[in-house]
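Student: Numbering (this note's numbering), first residue to last: 5 to 355. Each residue gets a CB set at the ideal place from its N, CA and C atoms; glycine is no exception.
#1: Only counting runs of 4 or more residues, tell me where the alpha helix (DSSP H) segments fall wholly within the segment 164–239, in order along the chain.
#2: Apart from the five residues on each side of it in sequence, which residues of its chain come closer than 6 Å, Cβ to Cβ, to residue 314?
#3: Between 97, 208, 84, 8, which has its C-alpha nearest residue 310's C-alpha?
#4: Go ahead and pull the three-state DSSP assignment for residue 23.
#5: Per DSSP, what kind of secondary structure is residue 59 in: helix, strand or coil?
#6: Can you pull the DSSP bridge partners for residue 262?
#7: Between the C-alpha atoms of residue 4 and residue 324, what's the straight-line distance to the nearest angstrom?
#8: Do residue 44 and residue 135 have their beta-carbon atoms positioned less than 7 Å apart in this structure?
#9: Quick check on the DSSP output: the beta strand (DSSP E) that includes residue 75 runs from which residue to which?
#10: Anyone know if the C-beta pair for residue 330 and residue 296 falls short of 7 Å?
#11: Compare the Cα-Cα distances from residue 293 to each of 302, 276, 307, 301 and report the closest residue.
#12: DSSP three-state label for residue 279, please.
#13: Is the Cβ-Cβ distance between residue 229 and residue 236 less than 7 Å?
#14: Give the straight-line distance between the Cα atoms of residue 23 and residue 210, rounded to the nearest whole angstrom.
#15: Using a Cβ-Cβ cut-off of 7 Å, state whether residue 189 counts as contacting chain C.
#16: Compare the beta carbon distance of residue 243 and residue 272 with 7 Å and say whether it is the shorter of the two.
#17: Nearest to residue 124 by alpha carbon, out of 96, 92, 107, 143?
#18: Indicate the three-state DSSP secondary structure (helix, strand or coil) for residue 98 in the structure shown.
#19: With a threshold of 16 other CB atoms inside 10 Å of the CB of residue 112, please say whether the residue is buried or exposed.
#20: Which of the three DSSP states, helix, strand or coil, is assigned to residue 104?
#21: When the distance is taken between beta carbons, is residue 117 closer than 7 Å to residue 82?
#22: Spatial neighbours of residue 247 within its chain, please: C-beta separation below 7 Å, excluding the five flanking residues on both sides.
#23: In three-state DSSP terms, what is residue 110?
#24: Of the choices 54, 139, 131, 80, whose alpha-carbon is the least far from that of residue 164?
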């Protein structure tokens with residue numbers, strides 16, 4: 005590779021790296037440029053977090069055995085070696101010689117040669133950028149030299165993106181409970197509507213209101229009330245499934261978003277949450293109860309507010325029915341129809 009081409013690649017890649025706060029887009033554009041110098045069929049940017057490696061971005065020409073946001077143990081992998089050695093490592097042909105436990109996963113997807121480059125910012129180890137090819141001996145010393153010159157810039161941008169995303173996430177989290185907030189709820193409902201509109205399916209929403217918070221605040225003060233809220237948030241988080249998402253709207257109101265869940269299944273989840281909350285006792289000795297409303301998309305209407313309003317309506321029906329219970333929109337509709345039915349006098353039989 006001549007020096008002019010090398011400088012052109014470094015200049016173009018440098019501009020790509022600093023131009024985006026979307027790490028997946030950055031990797032995609034970076035690989036497009038690097039393909040001018042080497043064969044790349046698979047690439048990833050990872051971050052070492054404790055004893056795990058976290059895949060922040062993955063790019064593959066075919067189905068990848070590694071997924072974005074996947075976390076795997078670092079022990080025995082090339083990443084463990086990188087943390088210790090703080091330099092790059094190239095495996096020219098995995099079918100001839102493989103050094104690490106994760107090499108088997110690469111071989112299964114047809115990868116022959118792979119190069120891992122340590123990302124450092126000063127003395128801090130950030131993570132790794134990995135490039136892989138289906139061809140053996142894909143990465144020459146000249147090419148790896150280019151990547152090594154770029155790694156400080158890549159490391160700085162990966163850290164900047166991570167900190168930016170962390171700040172964005174903090175804006176979507178309720179400080180008191182650690183649950184997502186109302187803003188995040190609206191975003192996730194919008195995302196679920198788009199997904200279900202495209203691929204089909206249903207999802208449900210539970211809105212929960214604590215019945216007994218005001219007496220606690222009035223009697224014991226808001227610090228005790230805050231602990232009461234934290235306890236309820238913790239119970240909700242432990243009671244729902246790993247695929248569900250819990251939120252705190254503010255005050256004494258919470259919600260749970262349940263992907264790929266019918267209204268009947270969501271009502272069973274709501275009842276499980278209610279029972280667990282009812283069986284708990286706050287530090288004051290006051291029992292905790294809540295009322296819950298359940299609604300399902302698309303039965304309640306196509307928009308975000310349609311779903312939220314339907315769950316709210318079911319919640320307030322549960323309140324009117326005596327509290328400490330769950331209610332869904334199907335039950336509310338059935339009851340409202342009964343109330344609207346006129347009373348018809350049936351004459352006695354003349355037989």
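Tutor: Quick look at the numbers:
#1: Residue ranges of uninterrupted alpha helix (DSSP H) with 4 or more members, entirely inside the segment 164–239 and ordered along the chain, are 186–203, 217–224.
#2: For the purposes of this step, residue 314 is taken as the residue at position 310 of the chain shown. Closer than 6 Å at the Cβ level, and outside the excluded window around residue 314, lie 299, 304, 333.
#3: As a first step, residue 310 must be located in the chain shown, where it is residue number 306. Comparing Cα positions, the closest option is 208.
#4: Position 19 of the chain shown holds residue 23. Coil.
#5: Within the chain shown, numbered from 1, the residue matching residue 59 stands at position 55. When secondary structure is reduced to three states using DSSP, residue 59 falls in the strand class.
#6: The residue labelled residue 262 in the question sits at position 258 within the chain shown. Paired residues: 208.
#7: Not covered by the structure: residue 4. The range shown for the chain is 5 to 355.
#8: Position 131 of the chain shown holds residue 135. Position 40 of the chain shown holds residue 44. Cβ atoms of residue 135 and residue 44: closer than 7 Å.
#9: One-based indexing of the chain shown puts residue 75 at position 71. Here the beta strand (DSSP E) through residue 75 covers 75–77.
#10: Taking the first residue of the chain shown as position 1, residue 330 is located at position 326. Taking the first residue of the chain shown as position 1, residue 296 is located at position 292. Yes; because the gap between Cβ atoms is below 7 Å, this pair is in contact.
#11: Working through the chain shown from its first residue, we reach residue 293 at position 289. Of 302, 276, 307, 301, the residue nearest in Cα terms is 276.
#12: Taking the chain shown and counting its residues from 1, one reaches residue 279 at position 275. Correct three-state label for residue 279: helix.
#13: Residue numbering aside, residue 229 sits at position 225 when the chain shown is read from its first letter. Residue numbering aside, residue 236 sits at position 232 when the chain shown is read from its first letter. Cβ distance not < 7 Å, so residue 229 and residue 236 don't count as in contact.
#14: Working through the chain shown from its first residue, we reach residue 23 at position 19. Working through the chain shown from its first residue, we reach residue 210 at position 206. Each residue's alpha carbon lies about 40 Å from the other.
#15: Absence of chain C from the displayed structure is noted, only one protein chain being present.
#16: The residue given as residue 243 occupies position 239 in the chain shown. The residue given as residue 272 occupies position 268 in the chain shown. No, the Cβ-Cβ distance between residue 243 and residue 272 is not below 7 Å.
#17: Counting from one through the chain shown, the residue named residue 124 turns up at place 120. Among 96, 92, 107, 143, the Cα nearest to that of residue 124 is on 92.
#18: Along the chain shown, read from residue 1 onward, the residue named residue 98 stands at position 94. The answer is coil: DSSP assigns residue 98 none of H, G, I, E or B.
#19: The sequence position of residue 112 within the chain shown is 108, counting from 1. Exposed.
#20: The count along the chain shown starts at 1 and reaches residue 104 at position 100. Looking at residue 104 - three-state DSSP - the assignment turns out to be coil, as it is neither helix nor strand.
#21: As a first step, residue 82 is located in the chain shown; it is residue number 78 there, counting from the start. As a first step, residue 117 is located in the chain shown; it is residue number 113 there, counting from the start. It is not a contact, given that the beta carbons lie outside the stated cut-off.
#22: In the chain shown, counting from the first residue as 1, residue 247 sits at position 243. Take residue 247, set aside five residues on each side of it, and the residues of its chain with a beta-carbon closer than 7 Å to its own are 263, in chain order.
#23: Against the chain shown, residue 110 aligns to sequence position 106. In this structure, residue 110 counts as helix in the three-state DSSP scheme.
#24: As a first step, residue 164 must be located in the chain shown, where it is residue number 160. Here the closest residue by C-alpha is 131.
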